[in-house]
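Notes follow once the structure below has been shown.
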Amino acid sequence: MDGVKSGVIKQAAVTRVESGKVELEGGEELTADFIVMATGGPAYNFPMGADGVPFETYKELLKEAQQTVGAASSILIVGGGPVGVEMAGEIKAAHPDKDVTIVNSGTKLLSAAVAPLNDRLVTSIMRQLEALGVRVVLGARLAEIPPPPEGPVKTAIRPTPGATFALSNGESVSADLVFVATGPSAVKPAGADLLPEGAVDGSTGLIKVNEYFLVDGMDGVFAIGDCTNIRETKMAYLAGLHTPFVVKNLMQL
């Protein structure tokens, strides 16, 4: 590997992680002084994730998704969190003529953030969306969310040409396309089944780590990213910030 003096990339399924070793499907064991788990968080629907789909197939699915968005005149985004807000802004920036509506169950956007956001920031985001022409409906839910179409992945992008959706506040929204941005599924992260029971939060399936990203009760095993029980909103940007801290800790051991 470029930039790595001695390294091996091995494609295999891991069945068990213990201090100092990793067991692979088929019985092979890999030993290491330190192990870093980055198995990801609960399952996300396409396009945020596509478990088990080859990269080339994923790229083709993204192209199809762009065409689907381009063909829709009106788009309904269910969920006013980081993904829903960003999606609304991106769509209106690329397609100013499209009608875009966000429906959020909270009384303000980004209300589910683990660390509450500054009200001034949320107000600024709301004004930016309104300036783009995005309609925002707060404190309401869809009476029924359309199911995903059949395909190789469970997708958050759901064509609904000419459909009208009833909201819990008595209003209704028409949309040719629904984008479901209500967060990850309740499925436990893949790493939950690889570790001893005491290393995993029983209610969430997330890996318990301390302030150094070391897994509880294990020597030399770190965990980073969405698989950890760190109290923060699960976002790729924040997960990426974990890496330099763990690298620094490893260099000092």
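As numbered in our numbering, residues 77 to 329 make up the sequence shown, in order. Note that the Cβ used here is the ideal one computed from N, Cα and C, for glycine as well. Predicted model, so just to flag it, every value in this text is computed and none were measured.
Sub-9 Å separation of residue i and residue j beta-carbons
i           : j           : result
residue 237 : residue 225 : no
residue 311 : residue 158 : yes
residue 151 : residue 256 : no
residue 98  : residue 177 : no
residue 309 : residue 189 : yes
residue 107 : residue 100 : no
residue 274 : residue 95  : no
residue 205 : residue 259 : no
residue 215 : residue 183 : yes
residue 217 : residue 175 : no
residue 117 : residue 265 : yes
CA-to-CA distance, residue j to residue i, given in whole angstroms
i           : j           : result
residue 209 : residue 167 : 11 Å
residue 104 : residue 173 : 56 Å
residue 251 : residue 179 : 12 Å
residue 207 : residue 318 : 35 Å
residue 154 : residue 281 : 26 Å
residue 213 : residue 163 : 15 Å
residue 195 : residue 306 : 23 Å
residue 239 : residue 115 : 38 Å
residue 221 : residue 156 : 15 Å
residue 113 : residue 279 : 20 Å
residue 181 : residue 232 : 18 Å
residue 110 : residue 169 : 45 Å
residue 193 : residue 315 : 18 Å
residue 227 : residue 137 : 10 Å
residue 148 : residue 141 : 11 Å
residue 323 : residue 93  : 20 Å
With 16 other Cβ atoms within 10 Å as the buried cut-off, status of residue i
i           : result
residue 131 : exposed
residue 327 : exposed
residue 85  : exposed
residue 88  : exposed
residue 284 : buried
residue 102 : exposed
residue 197 : exposed
Beta-ladder partner(s) of residue i, from DSSP
i           : result
residue 107 : 97
residue 270 : Partner(s): none; residue 270 has no beta bridge.
residue 169 : According to DSSP, residue 169 bridges with nothing at all.
residue 181 : DSSP output for residue 181 lists no bridge partner at all.
residue 233 : 255
residue 211 : 177
- Query: Three or more C-beta pairs closer than 8 Å, one from the region 287 to 294 and one from the region 193 to 203: is that the case here?
  - Reply: As far as the Cβ criterion goes, the region 287 to 294 does not touch the region 193 to 203, which means the pair count is below three.
(message) Three or more C-beta pairs under 8 Å: does that hold for the region 267 to 277 against the region 225 to 245?
(response) No, because fewer than three Cβ pairs between the region 267 to 277 and the region 225 to 245 fall closer than 8 Å, the two stretches do not touch.
| field | Stretch pair the region 129 to 144 + the region 298 to 307: three plus CB contacts closer than 8 Å | value | No: the two stretches stay apart, fewer than three of their Cβ pairs being nearer than 8 Å.
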